[in-house]
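Undergrad: For the record, the sequence lines run as chains Z and Y.
Counting with this note's numbering, you get residues 123 to 601 for the letters of the first sequence.
Counting with this note's numbering, you get residues 123 to 601 for the letters of the second sequence.
For each residue, glycine too, the CB sits at the ideal point set by N, CA and C.
Since this is a predicted model, take the numbers as computed values, not measurements.
2 protein chains.
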Amino acid sequence: MADNKKMVEQITPMDEDFAKWYTDIVKKAELIEYTSVKGCMVIRPYGYAIWENMQKILDGMFKETGHENVCMPMFIPESLLQKEKDHVEGFAPEVAWVTHGGSEKLEERLCVRPTSETLFCEHYANIVQSYRDLPKLYNQWVSVVRWEKTTRPFLRSREFLWQEGHTIHATAKEAIEETERMLDVYADFCENTLAMPVIKGQKTESDKFAGAVSTYAIEALMHDGKALQAGTSHYFGDGFAKAFDIQFSDKENKKAYPHQTSWGVSTRLIGGIIMTHGDDNGLVLPPKIAPIQVALIPVAQHKPGVLDACGALFARLKKQFRVKLDDSDNSPGWKFAEYEMKGVPLRLEMGPRDIENNQCVLVTRHNREKTVVSLDHIETAIEEKLQQVHDGLYQKALQNRERRTYVCTTLDAITKTLQEKGDGFVKAMWCGDAACEEKVKEETGVGSRCISLTDETVSDQCVCCGRPAKKLVYWGKAY
Amino acid sequence: MADNKKMVEQITPMDEDFAKWYTDIVKKAELIEYTSVKGCMVIRPYGYAIWENMQKILDGMFKETGHENVCMPMFIPESLLQKEKDHVEGFAPEVAWVTHGGSEKLEERLCVRPTSETLFCEHYANIVQSYRDLPKLYNQWVSVVRWEKTTRPFLRSREFLWQEGHTIHATAKEAIEETERMLDVYADFCENTLAMPVIKGQKTESDKFAGAVSTYAIEALMHDGKALQAGTSHYFGDGFAKAFDIQFSDKENKKAYPHQTSWGVSTRLIGGIIMTHGDDNGLVLPPKIAPIQVALIPVAQHKPGVLDACGALFARLKKQFRVKLDDSDNSPGWKFAEYEMKGVPLRLEMGPRDIENNQCVLVTRHNREKTVVSLDHIETAIEEKLQQVHDGLYQKALQNRERRTYVCTTLDAITKTLQEKGDGFVKAMWCGDAACEEKVKEETGVGSRCISLTDETVSDQCVCCGRPAKKLVYWGKAY
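(1) Let me know the secondary structure DSSP gives Z/Val494 once reduced to three states.
(2) What are the start and end residues of the beta strand (DSSP E) that includes Z/Glu281?
(3) Would you say Z/Ala218 lies against chain Y (beta-carbon separation less than 7 Å)?
(4) Output needed for Z/Pro135: all residues of its chain with C-beta closer than 8 Å, excluding positions within five of it in sequence on either side, in chain order.
(5) Could you please give me the residues that DSSP links to Y/Thr383 through a beta bridge?
(6) Please state the DSSP three-state secondary structure of Z/Lys207.
(7) Going by DSSP, what residue range makes up the alpha helix (DSSP H) through Y/His512?
(8) Which residues in the same chain as Z/Trp263 place their Cβ atom closer than 6 Å to its Cβ, once the five residues preceding and following it in sequence are excluded?
(9) Hey, could you find the ends of the alpha helix (DSSP H) Z/Trp143 is sitting in?
(10) My output table needs one value for Z/Tyr528: the three-state DSSP class, helix, strand or coil.
(11) Taking Z/Trp173 and Z/Thr502 to be in contact with their CB atoms under 8 Å, please state how far apart those CB atoms are, rounded to whole angstroms.
(12) For the candidate residues Z/Tyr461, Z/Asp372, Z/Pro426, Z/Lys364, whose alpha-carbon lies nearest to that of Z/Ala412?
(13) Kindly provide the ranges of any alpha helix (DSSP H) runs that are 4 or more residues long and lie completely inside the stretch 409-476 of chain Y, ordered along the chain.
(14) Where in the stretch 235-322 of chain Z do unbroken runs of the beta strand (DSSP E), each at least 3 residues long, occur, reported from the N-terminal end onward?
(15) Along the beta strand (DSSP E) that carries Z/Leu594, what are the first and last residues, could you check?
(16) Along the chain, where does the alpha helix (DSSP H) containing Z/Ala557 start, and where does it finish?
(17) Use the C-beta contact count for Z/Gln415: other C-beta atoms within 10 angstroms, 16 or more gives buried, fewer gives exposed.
(18) I want to verify the contact list: residues of chain Y whose CB lies under 9 Å from the CB of Z/Arg390, in sequence order.
(19) Rank Z/Gly465, Z/Thr398, Z/Leu405 by C-alpha distance to the C-alpha of Z/Lys518 and give the top, closest one.
(20) Excluding the five sequence neighbours on either side, which residues of its own chain have a C-beta within less than 7 Å of the C-beta of Z/Lys457, listed in chain order?
(21) Exposed or buried, Z/Gly323, counting other C-beta atoms within 10 Å across all chains shown (16 or more means buried)?
(22) Determine the chain Y residues that contact Z/Asn191 at a beta-carbon separation under 8 Å, and present them in chain order.
(23) Could you check where the beta strand (DSSP E) with Z/Arg571 kicks off and where it finishes?
(24) Just confirm the distance between the C-beta atoms of Y/Cys193 and Z/Tyr156, as a whole number of angstroms; I'd bet it's less than 8 Å.
(25) Can you tell me whether Z/Asn261 is buried or exposed? The criterion is at least 16 other CB atoms within 10 Å of its CB, across all chains shown.
(26) For Z/Gln521, which of Z/Glu200, Z/Ala151, Z/Val320 has the nearest alpha-carbon?
(27) Are the C-beta atoms of Y/Asn248 and some chain Z residue less than 7 Å apart?
(28) With DSSP as the reference, please indicate the residues paired to Z/Trp173 in a beta bridge.
(29) Between Z/Met196 and chain Y, is there a C-beta pair that is closer than 7 Å?
(30) So, does the CB of Z/Leu202 fall closer than 7 Å to a CB anywhere in chain Y?
(31) Tell me whether Z/Tyr601 sits in a helix, a strand or coil according to DSSP, three-state version.
(32) Grouping DSSP H, G and I as helix and E and B as strand, with all else coil, what is Z/Met123?
(33) Cα separation between Z/Gln369 and Z/Leu283?
(34) Taking the beta strand (DSSP E) that Y/Leu533 belongs to, which residues open and close that run?
(35) Name, in chain order, the residues that DSSP records as bridge partners for Z/Val335.
(36) Can you look up Y/Glu226 in the DSSP assignment and give me helix, strand or coil?
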């Protein structure tokens, strides 16, 4: 217990300093390490294993919806980046420029991709001739670079890992359906894999992706009441196709411009998991992406038979679960704290008395619920327990979001509510005018997160100007 | 047949122009597409699927041997790159430099990683304190950049995909064992997954990795008699540890320098497959990494029942194999040529008479062997056939290598043999003197590929100077 206490004390409590609590976890759960490369990080084995598990599931979802993986160059020539006006305006201020190769100055400088629309467009122009070539449903798993001023592990770093889907279609209708489909895939993944409830919505004009006709996003609410944009899906219309002169012959053999989309999620989702599920004892991982689902801890392991029995159970469980047997000479208390810090969903304890009784003890990470379970049906018990943990995490996160979601009909009410109850989502109507959006932010401190996709309304007047409003907007502070 | 012929004619025959044959295949099998980013390429879905299949198998082999995946930044600050003298000398002339972030000039320029030893060393210095922290067995799947003057798809490009393993150990013995272990893993992978026979050997001093004590490599012989370095494994001793001040407390609580390794294979292996197995009809893929293992082609598909029967067979086979049903309205001849071009190991044809007889026809890609097979045991038949294809490819490649491996004991013999028989491996003894190595290259045109790891000898005198020699060297021209 002394060890246990010592370890737990190392994390700053969430209520004391949320930002410090966050960075304590990413370091002490060994997710990342800092480097001398400013704004970039090492993703350590435990952090990377989380990403690998996410990748595997998402990649399966992309392939099921007909997408193929490709790999584009990491560099974009300056002239290529400049082809679509809005796009270059949005990204040029934050790209890293390669100017020299070896000792020679390059004739044209290259940026390290901040996103790859321009490269995909150049490629489409080469390979798309006829309607028979459409759609192309592509994705790539790569890292991208954006020269951010302030950085935080996973949430905002100069280099981050992501996937970027890029698709091209014969018609606007198909492209819009794709944009919506992938938003649904992301929401499904966040809720059913990461146990993280999300709001699906549309970004306002001022918040759109550079070069998009419309941008959709999923928004999650963190422990501290701030919103995290967890994934985006963009519809481009034929703007990029015109800028890059991508044309195809349609069924009537007439030239037409195709319609495009792109969509992405990143290692930012790991930050989302930390701030959705974590607590003052460390990380709490949803079972479906946890690198270790069950930590098997022998109790009184020096007593005869304990290590043998634990070893046999380990061999049995690892066929079905990601399980780790910790038979090191650290104390059980130290081990309990260690796997709590690392957010392992289930702890399995087994000592001499358990062995005698053909049983073991399962302890859930998120609510420390202890259950004594017979070894006869241990696999079923673990399976059920992992599902319960997933459901429990989701419900807890949903309750937190609901508790922190406020309906307001005036600017004063927004300010007052946030002061009284703390940060959260504010649901309020909006007339659609950018000036009102700006004024809400100036006067209350919360910006538009997204326009609701449902037809829910909470009033018929704009929260700002009082004019008629049909759009329900989720407002909040954002990461 | 007209279609078929048309398509085959599009590839330049190997004997006419080997380099053109190669680039024809990478383009027409849709493995890559060129871009406006000089020296970089798009890896298209079919090419990337080959890489994904390789990754999956190799990653499993790395994990089985205890390695964990991590992810380092893609940038290396110039001062970090310069810490190990030999390393920076080797790599600085061929790195891409980032000098600006957004509109600001960087205080210190960053290179895009050509390899990541320096980043791993900086990380080790942060996380290794005690012998209990050792070994660390890490790997990462990333792309690296080397500013090459002349480039060729997969074989030499400015950006390429690879894995780089980096490990750190308490003792030299453990690190040397690791270096050898990973060389064996690579050889195993090349032979048993890619059906590509390789020679395991050690690089001479002049050919070592920049900063290594010793470099081991696997070398394969291509169709044209040139050698391809297919993978390398380096032992660093404690040189990097000293340069980066990585120390640990050993069991006696004394400070000691750890010993390191690194090892890598890249998308170059795809080039190796093309030039080992390909023929004048296109790509020939080893079954274990082929994105499509079986191409199911309906014959007379307009006849009643054919498409239904093929659809049912497809549903049955896809449970066990990577199978593609091509029910497009292209002619069977066109389809045959298409899947030959793409190197699909097995073609399955099924028409009305086959359906009547509860059978289908299997045709192997590499030798066009036709077999009529009952549908009752079709899975077993395909499984056996794929194994036969693998074995057949391996034997064919091995025979090619043996046919093109020459034993020589004088420089004149080397020159004459190569003139008469064409390029290949020359097995000849070497005294170990760098001047002799240089002279062999100058006078005969072949360089040292690797020093044999076996104790085979073909003479007791150096092929160059006639002095006593114990080392058998494989000499050849290289990609």
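TA: In brief:
(1) For the purposes of this step, residue 494 of chain Z is identified with residue 372 of the first sequence, where counting begins at 1. The answer is strand: DSSP assigns Z/Val494 an E or B state.
(2) On the first sequence, position 159 is the one that residue 281 of chain Z refers to. Where Z/Glu281 is concerned, the enclosing beta strand (DSSP E) stretches over 281-291.
(3) Translated into positions along the first sequence, residue 218 of chain Z becomes position 96. So yes, Z/Ala218 belongs to the interface.
(4) As a working mapping, residue 135 of chain Z is identified with position 13 in the first sequence. Taken in chain order, the residues that qualify are Trp143, Asp402.
(5) Counted from its first residue, the second sequence places residue 383 of chain Y at position 261. According to DSSP, Y/Thr383 bridges with Y/Thr289, Y/Tyr357.
(6) One-based indexing of the first sequence puts residue 207 of chain Z at position 85. Z/Lys207: helix per DSSP, three-state reduction.
(7) For this step, residue 512 of chain Y is matched to residue 390 along the second sequence. Unbroken alpha helix (DSSP H) run through Y/His512: 500-525.
(8) As a working mapping, residue 263 of chain Z is identified with position 141 in the first sequence. Cβ within range, chain order: Gln285.
(9) Numbered from its first residue, the first sequence carries residue 143 of chain Z at position 21. Start and end: 140-150.
(10) Here residue 528 of chain Z is taken as the residue at index 406 of the first sequence, counted from 1. Z/Tyr528: strand per DSSP, three-state reduction.
(11) Start at 1 with the first residue of the first sequence, and residue 173 of chain Z comes out as number 51. Start at 1 with the first residue of the first sequence, and residue 502 of chain Z comes out as number 380. 30 Å between Cβ atoms; not a contact.
(12) Here residue 412 of chain Z is taken as the residue at index 290 of the first sequence, counted from 1. Out of Z/Tyr461, Z/Asp372, Z/Pro426, Z/Lys364, Z/Tyr461 has the C-alpha closest to the C-alpha of Z/Ala412.
(13) 428-439, 454-463
(14) 258-267, 281-291
(15) Working through the first sequence from its first residue, we reach residue 594 of chain Z at position 472. Looking at the DSSP string, the run of the beta strand (DSSP E) that includes Z/Leu594 is 593-598.
(16) Here the question's residue 557 of chain Z lines up with position 435 in the first sequence. Unbroken alpha helix (DSSP H) run through Z/Ala557: 556-566.
(17) In the first sequence, residue 415 of chain Z corresponds to position 293, counting from 1. Looking at its Cβ environment, which holds 16 or more other Cβ atoms inside 10 Å, Z/Gln415 is buried.
(18) On the first sequence, position 268 is the one that residue 390 of chain Z refers to. Ordered by position in chain Y, no residue passes the 9 Å Cβ test against Z/Arg390, which lies about 14 Å from the chain.
(19) Translated into the one-based positions of the first sequence, residue 518 of chain Z becomes position 396. Nearest option by C-alpha distance: Z/Thr398.
(20) Here residue 457 of chain Z corresponds to residue number 335 of the first sequence, with the count starting at 1. Excluding sequence neighbours, Z/Lys457 sits near Ile419, Asp448.
(21) Counted from its first residue, the first sequence places residue 323 of chain Z at position 201. Counting Cβ neighbours within 10 Å, Z/Gly323 comes out buried, since at least 16 surround it.
(22) The sequence position of residue 191 of chain Z within the first sequence is 69, counting from 1. Near Z/Asn191 (Cβ distances below 8 Å), the residues of chain Y are Pro167, Tyr170, Ala171, Glu174.
(23) Locating residue 571 of chain Z in the first sequence gives position 449, where the first residue counts as 1. 569-574 is the span of the beta strand (DSSP E), which, as asked, contains Z/Arg571.
(24) For this step, residue 193 of chain Y is matched to residue 71 along the second sequence. For this step, residue 156 of chain Z is matched to residue 34 along the first sequence. With a Cβ gap of about 14 Å, Y/Cys193 and Z/Tyr156 do not count as contacting.
(25) On the first sequence, residue 261 of chain Z is found 139 positions in, with the first residue counted as 1. Buried is the call here.
(26) Against the first sequence, residue 521 of chain Z aligns to sequence position 399. When only C-alpha atoms are compared, the closest one is Z/Val320.
(27) Stepping through the second sequence from its first residue, residue 248 of chain Y is reached at position 126. With 7 Å as the cut-off, Y/Asn248 counts as an interface residue toward chain Z.
(28) On the first sequence, residue 173 of chain Z is found 51 positions in, with the first residue counted as 1. Z/Trp173 pairs with nothing; no bridge assigned.
(29) For the purposes of this step, residue 196 of chain Z is taken as the residue at position 74 of the first sequence. Judged by the 7 Å Cβ criterion, Z/Met196 is in contact with chain Y.
(30) Stepping through the first sequence from its first residue, residue 202 of chain Z is reached at position 80. Chain Y contact via Cβ: present.
(31) Taking the first sequence and counting its residues from 1, one reaches residue 601 of chain Z at position 479. Z/Tyr601 falls in the coil class under three-state DSSP.
(32) As a working note, residue 123 of chain Z is residue 1 in the first sequence. Below a pLDDT of 50, predicted positions are generally treated as unreliable, and Z/Met123, at 38, falls in that range; the measurement from the model is reported next regardless. If DSSP states are grouped into helix, strand and coil, Z/Met123 belongs with coil.
(33) Taking the first residue of the first sequence as 1, we reach residue 369 of chain Z at position 247. Taking the first residue of the first sequence as 1, we reach residue 283 of chain Z at position 161. Distance between the alpha carbons of Z/Gln369 and Z/Leu283 is about 32 Å.
(34) Here residue 533 of chain Y refers to the residue found at position 411 when the second sequence is read from its first residue. Per DSSP, Y/Leu533 belongs to no beta strand (DSSP E); it is in the alpha helix (DSSP H), 533-543.
(35) Along the first sequence, one-based indexing puts residue 335 of chain Z at 213. In the DSSP output, where bridge partners are listed per residue, Z/Val335 has none listed.
(36) The residue you call residue 226 of chain Y lines up with position 104 of the second sequence. Strand, per DSSP.
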